[in-house]
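Numbering (my numbering), first residue to last: 111 to 605.
Every residue gets a Cβ at the ideal spot worked out from N, C-alpha and C, and that includes glycine.
Heads up: the structure comes next, in structure tokens.
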């Protein structure tokens, strides 16, 4: 069916009329505190003219302090955003009232434009991360959990062991390429687990494919990253139109997303056809479901694509943050190495059976997640019905975000929040420990990251093994001066 072109001035005029009447309807109801903005357009002008590179999670935390509230509201042309800066607010809305806050907002850049070349399918039709709350989402999530729940990921320990040896060897031979080695480690294990890909050449190719595709998704996934999220009709303007640079970006990015979804699946199906496929989530799923339900193949493909995409990036963020923290805190490194020497010795590497006996390694990972959360802001939730919280009105269709950074840096809960102190998580007689950072670092409610157990396993083994064989130190410049390691945020959902 051909698309009927709508004159842009008429579309803008219609949108303004709609926004005006929506604004009139809501203006008499007490919304959470936040910048007042202008009539109808709200804070649109502030967003357009904002040149500050300060990360969003810090801006939202500043707003909370300015308005002395753990819940703040921002409106852009009738599009409502509510940010939750406390455990109390996230627990009440995203956990206890999760039935109303498990949807996703409209994200045309991700769901429509990045999916244009993905076999004519919208990205949200196969990515449970951005898929709306529905029976389809529940079905995908159930299958995903079968393979990545806490009890299931134990079966992937052999893959972790194999890939950590490869990682250690790469570090030994080329320590300058730590970032690349970490990406290879995270990507290689997830490729073998999901698709049974073991060839070094194929793993290297698909790690690169996922890395490129993930950069585009991460840059787009927060509602409001592009103006088309506020004005969905903009997706219909031609790519050559002034201000349509987002469409030109999307045309390139969509190809990468399509490659990530389809290329490893094609390789898998080819391997199965010629009898060379290795055991994996994909082969198990196809053998398990397809005998009775042929329509399940797309579900299995989508589950593997999501694990491949999200699993690698989340793991890399945690791995690199852990190593960064250890470089900047040599006393923590020394204490961890002493614990490993006492429990494991020097004749072998640490393994998963040592985990309960190495509490300081666990504490390092918990403190890393607290100080440097991979996702400082949760992926956006969306209210499915009008709601009231603490006397404030939250309209249906409001984008709701949990500020994990604010929660994990709350001084009453985590004293001296900007210091790296793994010992805060150690259980000692007569001492209370703060909440486990894992409760907030991987999202909230029904939309919590389902692959978190796999990521934590990979990070634990890598950190334990690196500390058992290496000292992690700062490097020096050409003049012999020590180079300070700096933690910096990158735009998007995952740091």
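Do you know how far the Cα of residue 443 is from the Cα of residue 459?
When rounded, the distance between both Cα atoms is 16 Å.
Pairwise C-alpha distance: residue 290 and residue 591
In a straight line, the C-alpha of residue 591 is about 25 Å away from that of residue 290.
Would you say residue 181 and residue 145 are within 8 Å of each other, going by their C-beta atoms?
At a Cβ-Cβ threshold of 8 Å, residue 181 and residue 145 do not count as neighbours.
Any idea if residue 405 is buried or exposed, counting beta-carbon neighbours within 10 angstroms, 16 or more meaning buried?
Exposed.
Quick check on the DSSP output: the alpha helix (DSSP H) that includes residue 454 runs from which residue to which?
Element bounds for residue 454: n/a, residue is neither H nor E.
Nearest neighbour of residue 336, chosen from 167, 503, 219 [CA to CA]
Among 167, 503, 219, the Cα nearest to that of residue 336 belongs to 219.
Which same chain residues, not among the five before or five after residue 431, have their C-beta less than 6 Å away from its C-beta?
Once the five neighbours on either side are set aside, the close Cβ partners of residue 431 are 478, 482.
Count the C-beta pairs between the region 484-501 and the region 540-560 that are closer than 8 Å, then say yes if the count reaches three, no if not.
The answer is yes - the region 540-560 touches the region 484-501, with three or more Cβ pairs under 8 Å.
Straight-line Cα distance separating residue 225 from residue 338:
Residue 225 has its alpha-carbon roughly 15 Å from the corresponding atom of residue 338.
Check the C-beta distance from residue 503 over to residue 139 and give it rounded, since I have them as a contact under 8 Å.
With a Cβ gap of about 4 Å, residue 503 and residue 139 count as contacting.
In chain order, what are the residue ranges of uninterrupted alpha helix (DSSP H) at least 4 long that sit wholly in the region 379-456?
You should have 391-399, 407-438, 440-453.
For the region 497-546, which segments carrying the alpha helix (DSSP H) assignment without a break, of at least 4 residues, lie completely within its bounds, in sequence order?
As summarised for the region 497-546, the continuous alpha helix (DSSP H) elements at least 4 residues long and confined to that stretch are 514-518, given in chain order.
With respect to 7 Å, is the separation between the Cβ of residue 239 and the closest non-hydrogen atom of the ligand ADP below this value?
By its list of ligands, the structure shown contains no ligand whatsoever, and the ligand ADP lies outside what it can speak to.
Cβ-Cβ distance between residue 471 and residue 570 below 8 Å
In contact: residue 471 and residue 570 (Cβ atoms closer than 8 Å).
Any beta strand (DSSP E) of 3 or more consecutive residues that is wholly inside the region 275-301
Entirely contained in the region 275-301, not one beta strand (DSSP E) run reaches 3 residues.
Which residues bound the beta strand (DSSP E) around residue 567?
Run containing residue 567: none in the beta strand (DSSP E); it sits in the alpha helix (DSSP H), 562-579.
N-terminal and C-terminal residue of the beta strand (DSSP E) that residue 183 is part of
First-last of the beta strand (DSSP E) with residue 183: 181-186.
According to the Cβ coordinates, are residue 313 and residue 307 closer than 8 Å?
Yes. Within cutoff.
Let me know if residue 448 comes out buried or exposed under the rule of 16 or more other beta-carbons within 10 Å of its beta-carbon.
Under this definition residue 448 is an exposed residue.
Three-way DSSP call (helix, strand, coil) for residue 190 in this model:
Here residue 190 carries a strand assignment [DSSP, helix/strand/coil].
Which residues does DSSP pair with residue 152 in a beta bridge?
DSSP output for residue 152 lists 148, 186 as bridge partner(s).
I'd like to check one pair, residue 417 with residue 453: are the Cβ atoms closer than 8 Å?
No, the pair does not count as a contact, with Cβ atoms beyond the cut-off.
At which residues does the alpha helix (DSSP H) containing residue 319 begin and terminate?
In this chain, the alpha helix (DSSP H) harbouring residue 319 covers 310-330.
Would you please state the rounded distance, in angstroms, between the beta carbons of residue 607 and residue 509? I believe it to be under 8 Å.
There is no way to answer for residue 607, as the model of the chain reaches only from 111 to 605.
To the nearest angstrom, report how far apart residue 195 and residue 174 are at their CA atoms.
Computed Cα separation, rounded: 7 Å.
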